[in-house]
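Residue numbers (the working numbering): 3 to 341.
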Amino acid sequence: MSEGKVLPVVNADASATARAHVGFDERVGGAGLTLRRAGAVETLQVNVGKLCNQACKHCHVDASPKRTEIMSEETAAQIVEAVRRFRFRIVDITGGAPELNPSFRRLVIESRDAGAHVIVRHNLTVMFEPGQEDLPEFFRAHAVEVVSSLPYFLEQQTDAQRGHGVFNKSVEALRRLNEVGYGVEGSGLALHLVYNPVGAFLPPAQSAIEADFKRELRARHGVSFNSLYTITNMPIKRFLDYLRRTGNEERYMRKLVEAFNPQAVAGLMCRTLLSVDWTGRLYDCDFNQMLDLGVAAGLPQTIADFDPREFADGEITTAAHCFGCTAGAGSSCGGSVVG
Ligand code: SF4
Ligand code: SF4
């Protein structure tokens, strides 16, 4: 997108989310801003597929134990080769539950060997699946940064979103991570939690709810963590189904549009991140991946063809859901982006 112009419509249908897309383009351009990639792709976010041991209500991946779409060894090898060759600063591994992919440990180890900082989006309960009991030690051995979703510090709200029994298992997993040093001050082992609202509303201020989580988890369960990331529920996939089922789609989209914050645009993760799916195809972010909105035509479309020079200052594919990233304090896989 050039200075002052709006982005092209890429996902037109008659829904409220699509109608809002025109608004997103106008809002970015109308604020005198451009949304283009920054100079270099710093983070390669690798989504190894849709297999998960959970089936959360808000899941933007539609992941579940029944999904069979997972990354092959061949695609994992192409990713490792790209990490080695292009020296991505961060490799951020997600899914589904990425640990269930047979190539998961290889991706971690070889990305670390190539000098990348590795983040794993770890859902906590997967630690209790067969063969996964040593995950805390594995994470520690490879200095992995662990980022885990926990919708709330109370059982009822967490289980309502993620399934019966998930809260207690999650707390037990946090205990195990604490035992090996994760989330413990001075250990250098980072454990961050992710909060997303249990309903059709925006997250509260990150610093305020982080203080609540720290105090309550410590007092009630004796567990600790480093930072809390607040993430806005994106109006796509299972959360969009929920909005439609409950008659909240229009209201939620209006809320996101009205909360558009121009200050969030510069910090949008799609400016420095590239997302790759289980087949090796490239996207500007994981949300676009789930909507099948690939990187702009003319750019390399797969990790096997990736060339960093072609992405520097490149166009970003947007749609209505992008309002989820610019609402309020903004939202990204690293939490709020403003302030
Ligand atoms: S939100 Fe995470 S843990 Fe829940 S189903 Fe989706 S991928 Fe699995
Ligand atoms: S949804 Fe993706 S492309 Fe849209 S603003 Fe957010 S990170 Fe960028």
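Beta carbons: idealized from backbone N, C-alpha and C, even for Gly.
Can you tell me which of the three DSSP states residue i falls into?
i, result
"Val-122", "strand"
"Arg-91", "coil"
"Tyr-244", "helix"
"Glu-101", "helix"
"Ser-66", "strand"
"Arg-253", "helix"
"Thr-304", "strand"
"Thr-320", "coil"
"Leu-258", "helix"
"Gly-337", "strand"
"Phe-313", "helix"
"Thr-96", "strand"
On the CB-based measure, 16 or more other CB atoms within 10 Å of its CB, does residue i come out buried or exposed?
i, result
"Gln-158", "exposed"
"Glu-28", "exposed"
"Asp-288", "buried"
"Asp-349", "Any question about residue 349 goes unanswered here, given that the chain covers just 3 to 341."
"Asp-243", "exposed"
"Gly-224", "exposed"
"Asp-94", "buried"
"Ala-314", "exposed"
What number of angstroms, rounded off, separates the C-alpha of residue i from the C-alpha of residue j?
i, j, result
"Leu-230", "Val-186", "14 Å"
"Ile-238", "Tyr-254", "12 Å"
"Pro-138", "Ala-192", "12 Å"
"Ile-81", "Gly-282", "8 Å"
"Asp-294", "Ala-221", "43 Å"
"Thr-127", "Ala-322", "32 Å"
"Ala-268", "Leu-245", "29 Å"
"Thr-232", "Ala-207", "8 Å"
"Met-129", "Gln-163", "19 Å"
"Ser-113", "Gly-31", "38 Å"
"Asn-263", "Ile-211", "20 Å"
"Val-85", "Glu-312", "17 Å"
"Thr-36", "Glu-181", "46 Å"
"Leu-276", "Phe-106", "19 Å"
Could you spell out where the beta strand (DSSP E) holding residue i opens and where it closes?
i, result
"Glu-147", "147 to 151"
"Ser-172", "Counting along the chain, Ser-172 falls outside any beta strand (DSSP E), though it belongs to the alpha helix (DSSP H) covering 168 to 181."
"Thr-232", "229 to 232"
"Ser-277", "275 to 278"
Determine the extent of the alpha helix (DSSP H) in which residue i is found, giving its start and end residues.
i, result
"Ser-113", "106 to 115"
"Asn-49", "Here Asn-49 belongs to no alpha helix (DSSP H); instead the beta strand (DSSP E) covers 45 to 49."
"Val-196", "Element bounds for Val-196: not the alpha helix (DSSP H) but the beta strand (DSSP E), 193 to 197."
"Leu-219", "208 to 223"
"Leu-53", "Neither: Leu-53 is in no alpha helix (DSSP H) and is coded neither H nor E."
"Leu-137", "137 to 143"
"Thr-127", "First-last for Thr-127: undefined, no H or E at that position."
Examine the Cβ distances between the region 115 to 125 and the region 299 to 309 and report whether three or more of them are shorter than 8 Å.
Output reads no: the region 299 to 309 does not touch the region 115 to 125.
Touching by the beta-carbon criterion (3+ pairs, under 8 Å), the region 46 to 65 and the region 148 to 166:
As far as the Cβ criterion goes, the region 46 to 65 touches the region 148 to 166, which means the pair count is three or higher.
Touching by the beta-carbon criterion (3+ pairs, under 8 Å), the region 209 to 220 and the region 313 to 328:
Judged by pairs of C-beta atoms under 8 Å, the region 209 to 220 does not touch the region 313 to 328, as fewer than three such pairs exist.
The region 81 to 91 contacting the region 40 to 55, beta-carbon criterion three pairs below 8 Å
Contact holds between the region 81 to 91 and the region 40 to 55, because three or more Cβ pairs, one in each stretch, are under 8 Å apart.
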